[in-house]
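Note that this note's numbering has the sequence shown beginning at 8, numbered continuously upward. C-beta: ideal position from N, C-alpha, C; glycine also. A quick note: this is a predicted structure, and the numbers were derived from the prediction, not measured. Note sheet for the following structure.
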Amino acid sequence: MDFGNIHLYCGDAMELYSEWQAPVAIICDGPYGINGFPGDLVSYKGLGEWYEPHIKKWSSFATPLTTLWFWCTEVGWATVHPVLEKYGWDYVSCCVWDKGMGHVAGNTNTKTIRHLPVVTEVCVQYVKKPIFIVNEKQMTMKEWLRYEWGRTGLPFSKANEACGVKDAATRKYFTKCHLWYMPPAEAFEKIAIYANTFGEESGKPYFSLNGKTAITKKEWAQMRSKFYCPIGVTNVWRVPQLRGRERLKSNQKAIHLNQKPLELIKRTIEMVSDVGDVVWDPFAGLCTTAVASAALDRTCYCAEINHDVYDIAVKRVNDHLQDGFQCAL
Ligand SMILES: C[S@@+](CC[C@H](N)C(=O)[O-])C[C@H]1O[C@@H](n2cnc3c(N)ncnc32)[C@H](O)[C@@H]1O
């Protein structure tokens, strides 16, 4: 079902990725390994194998602009993390959703429970690191920048002259150590122009991917994911579990136990994308991501495998579009 730029699919996400535009953000809120909803795994132990084909697909469609938010339990994420790394996803930060005491109050027998009450989930930020291939060898951006400048025959100190700074360019953009920074687009452009003007003639072009022209400022800006840090927000998200009219119910019972607060999904989208950017949610449930994306003017692709859940989600998105997102904002 399409609502303008919001595309909802009923089916297995694995069969759908190839129909979707490349993502700037992927919101992954799939199986947790806690038997939490029909189709969830009963244990976290099989999560790595379960997610692997999906992660492989995301890697093939993602670009260096893409951020992945991976929702799970702590141990579920720990199990899947090596698989994410295997397919080129770089860990950035782990955010903890603290649902607070209200989540367990009146529900916990401390005489019998053998661990502390669990009131958290994690939402972990990954980015797709760019890989540069030179003579069939893979290089990170840091390695490639040094390699390209090295080819020019110019001393590394000349990068400062290229950027019009005293020593910051060589120190930040060409260091081998952990204090390395990716050059901003303006600095990169200056470096590339300088290298292609003063570098050895035989090696030109420098800082090029196509062997004909140097990467432009605009192209360089696309080589890393976006991030807009909201003021006053840390990696601990103290937001109560859904209740009230946002929680979708049937006969007083929650329709989907894993429906996420819109506030949190909107936050994750806003932090890593701009208006018009593409957001994926392969395990969409009640399509909270679609509602958030529509409210934020993003293009969105969602898949939900369960027909009953999908039908309710379609109605939900339609209702939000009709009421001008009064519930979503
Ligand atoms: C944790 S829930 C998502 C909840 C959602 N974030 C929300 O706010 O409503 C995961 C959903 O993924 C769906 N699912 C599981 N495997 C799937 C697959 N291969 N393709 C599409 N959906 C899938 C499940 O039916 C379930 O509704």
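For W76, the closest of I272, V324, N313 by C-alpha to C-alpha distance is I272. Relative to ligand 1, the beta carbon of D36 is positioned inside 7 Å of a heavy atom. Boundaries of the alpha helix (DSSP H) harbouring E168: 165–170, taken from the DSSP string.
DSSP, read as helix, strand or coil, puts Q259 in coil.
Where Y308 is concerned, the enclosing beta strand (DSSP E) starts and stops at 306–311. The Cβ-Cβ distance between C307 and A297 falls below 8 Å. Inter-residue distance for I262 and Y317 is about 11 Å (C-alpha atoms, whole angstroms). With a cutoff of 7 Å, L293 counts as near ligand 1, since its C-beta is closer than that to a heavy atom of the ligand. For V324, no beta strand (DSSP E) run applies; the uninterrupted alpha helix (DSSP H) run containing it begins and ends at 314–329, by DSSP. With a contact defined as Cβ atoms closer than 8 Å, G210 and R153 miss out at about 14 Å.
Taking 3 residues as the minimum length, the beta strand (DSSP E) runs contained wholly in the region 116–168 are 127–135, 139–141, 144–146, in order along the chain. The three-state reading of DSSP puts S280 in coil, since its state is none of H, G, I, E or B. With respect to I198, A175 sits apart: the two C-beta atoms are not nearer than 8 Å. Annotation: L91 is outside any beta strand (DSSP E); the continuous alpha helix (DSSP H) that includes it extends over 81–93. As computed with DSSP, Y39 is found in no beta bridge at all.
At a Cβ-Cβ threshold of 8 Å, V31 and L72 count as neighbours.
About 5 Å separates the beta carbons of I33 and W287, which is inside the 8 Å limit, making them a contact pair. Distances from the CB of G46 to the heavy atoms of ligand 1 include at least one below 7 Å.
Comparing alpha-carbon positions, the option among N265, D281, M278, D304 lying closest to C294 turns out to be N265. Looking only at P162, C35, F205, the smallest Cα-Cα distance to E59 is reached by C35.
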